[in-house]
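Participant: In numbering that gives the first Met the number 0, the protein residues as written are 0 to 186.
Even for Gly, the Cβ is constructed at its ideal location relative to N, Cα and C.
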Amino acid sequence: MIKYLLIFLLPFSLYGAKILNYNVYDRTDRVDIMVTFDAPFKGIIKQSRKKSKIIIKLYDAEIESSKIKKLSTQFVKSLTITPMFEYTQIVVNVPSSISLVASKTSDAYGLRLRFINPKLEKKTPKKMENEEPKLLSSLPTKSDDTISQRYYIVITLLIIGIITLLILKKKIIKKSEKQEEPNPWLF
Numbered sequence: 000m001i002k003y004l005l006i007f008l009l010p011f012s013l014y015g016a017k018i019l020n021y022n023v024y025d026r027t028d029r030v031d032i033m034v035t036f037d038a039p040f041k042g043i044i045k046q047s048r049k050k051s052k053i054i055i056k057l058y059d060a061e062i063e064s065s066k067i068k069k070l071s072t073q074f075v076k077s078l079t080i081t082p083m084f085e086y087t088q089i090v091v092n093v094p095s096s097i098s099l100v101a102s103k104t105s106d107a108y109g110l111r112l113r114f115i116n117p118k119l120e121k122k123t124p125k126k127m128e129n130e131e132p133k134l135l136s137s138l139p140t141k142s143d144d145t146i147s148q149r150y151y152i153v154i155t156l157l158i159i160g161i162i163t164l165l166i167l168k169k170k171i172i173k174k175s176e177k178q179e180e181p182n183p184w185l186f
């Protein structure tokens, strides 16, 4: 009876994605929190804000136990991930000027929570546009040779190896013909 009940309940446990881990990336202009799932996350994400807390609810996502992490950044003060009955709740303590941008990865195995200051974000793209061409132009580039010298070396070594094996084969066949008993040990 219990076996049939477990078989019946198994598909329901496979429905939601399980949170494997989370990583916090502290940058000078933002903080990124990457949440990794064991299966593609197809659930619903709901966000609400209460004073200095941003509450994110991930429906159809599970986590084994509560996780608490204190941070000392200008964007995020603390992070709490708690399993609830129908969803997983992520509570982040942030200053009032900080906003959240949530996005899934292309394969839906990850969720990025980006905490930024919108006032600083408006100033930085102008700097980034001016700095990128300088950075890219200073990088050395490789010439567009379709067939490199390395390929010629590899092809030459393969041809030499094939010729050597053919010569060895002929010598072994001549030795085996000279003997009374044919003893081809290689071929």
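#1: Can you look up Pro82 in the DSSP assignment and give me helix, strand or coil?
#2: Since Arg113 and Val93 are thought to touch, with beta carbons under 8 Å apart, how far apart are those beta carbons, to the nearest angstrom?
#3: Evaluate the contact criterion for the stretch 76-85 versus the stretch 38-46: three or more CB pairs, one atom per stretch, below 8 Å.
#4: Nearest-angstrom Cα distance between Lys68 and Val91?
#5: Taking 8 Å as the cut-off, decide whether the C-beta atoms of Lys56 and Lys66 are in contact.
#6: Could you compute how far the alpha carbon of Lys125 sits from the alpha carbon of Tyr24?
#7: For Tyr150, name the three-state secondary structure that DSSP assigns.
#8: Using alpha carbons as the reference points, say which of Ile32, Lys52, Ile18, Arg26 lies closest to Ser102.
#9: Using 8 Å for Cβ pairs, my map puts Pro117 next to Ser95. What's the rounded Cβ distance?
Facilitator: This is what the structure gives:
#1: Here residue 82 refers to the residue found at position 83 of the sequence shown. Reduced to three states, the DSSP call for Pro82 is strand.
#2: As a position in the sequence shown, residue 113 is number 114, starting the count at 1. As a position in the sequence shown, residue 93 is number 94, starting the count at 1. Not quite, the Cβ-Cβ distance comes to about 12 Å (not below 8 Å), so this is no contact.
#3: Judged by Cβ distances under 8 Å, the stretch 76-85 makes no contact with the stretch 38-46, as fewer than three pairs qualify.
#4: Taking the sequence shown and counting its residues from 1, the one referred to as residue 68 is at position 69. Taking the sequence shown and counting its residues from 1, the one referred to as residue 91 is at position 92. Those two C-alpha atoms are separated by around 10 Å.
#5: One-based indexing of the sequence shown puts residue 56 at position 57. One-based indexing of the sequence shown puts residue 66 at position 67. For Lys56 and Lys66, no; Cβs fall outside 8 Å.
#6: As a first step, residue 125 must be located in the sequence shown, where it is residue number 126. As a first step, residue 24 must be located in the sequence shown, where it is residue number 25. Its pLDDT being 48, under 50, Lys125 is placed unreliably by the model, and the measurement read from it follows with that caveat. For Lys125 and Tyr24, the gap between their C-alpha atoms comes out near 23 Å.
#7: Working through the sequence shown from its first residue, we reach residue 150 at position 151. Tyr150 falls in the helix class under three-state DSSP.
#8: Taking the sequence shown and counting its residues from 1, the one referred to as residue 102 is at position 103. Per the Cα distances, Ile32.
#9: Along the sequence shown, one-based indexing puts residue 117 at 118. Along the sequence shown, one-based indexing puts residue 95 at 96. Not confirmed; about 12 Å, so no contact.
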